[in-house]
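In the numbering used here, the protein residues as written are 6 to 166.
Built from N, CA and C at the ideal position, the CB exists for glycine as well.
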């Protein structure tokens with residue numbers, strides 16, 4: 006029976022799964038965005054967000070805990086130096102999953118998983134977005150005064166007269 010076994014096994018043995026998630030977490034920390042399947046991204050989010058939370062306090066004990074999971078000192082250094090500064094005041098939700106469609110070969114759902122504070126494109130569009138709400142077309146037509154049609158004379162008509 007599967008009592009209280011809620012994580013996705015991803016069709017792999019425990020050692021293969023832990024190695025894969027560790028490698029994917031290192032790639033996510035180094036590159037800030039990776040392309041993968043939706044199920045792997047969801048499993049990675051559950052794996053990497055507690056590690057990012059541990060990086061908020063930079064102690065030897067927390068570095069050792071994170072290094073025991075990642076096994077890559079460059080990724081640990083990047084996590085504790087750069088990423089922990091950006092997410093210092095964020096209470097959680099450090100990653101974002103964006104669906105990109107289906108893979109051609111096996112029709113698997115593909116997506117991007119990225120660190121939230123590192124996406125420049127989303128930050129630009131959020132800054133450009135206005136907070137003004139739009140009214141529906143029906144209410145605009147009912148509320149707007151009827152404009153009179155004004156005939157515009159073209160230069161060709163003026164020369165004929």
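- For residue 104, the enclosing beta strand (DSSP E) begins and ends at 100-107.
- Non-local beta-carbon contacts of residue 107 in its own chain, meaning distances under 8 Å to residues more than five positions away in sequence, involve 113, 114 and 115 in chain order.
- With 16 or more other Cβ atoms from the protein chains shown falling within 10 Å of its own Cβ, residue 119 counts as buried.
- Annotated as proximal: residue 30 and residue 56, with beta-carbon spacing under 9 Å.
- Under the criterion of beta carbons closer than 8 Å, residue 89 and residue 60 qualify as touching, at roughly 4 Å.
- One thing to note: residue 34 has its Cβ no nearer than 9 Å to the Cβ of residue 74.
- With at least 16 other beta carbons inside 10 angstroms of its own, residue 85 counts as buried.
- Spanning the alpha carbons of residue 111 and residue 26 requires a straight line of approximately 21 Å.
- Distance between residue 104 and residue 62, taken at the CA atoms: about 32 Å.
- An exposed status is given to residue 76, since fewer than 16 other beta-carbon atoms sit within 10 Å of its beta-carbon.
- In the displayed model, residue 17 falls within coil according to three-state DSSP, outside both helix and strand.
- Per DSSP, the unbroken beta strand (DSSP E) holding residue 38 starts and ends at 38-42.
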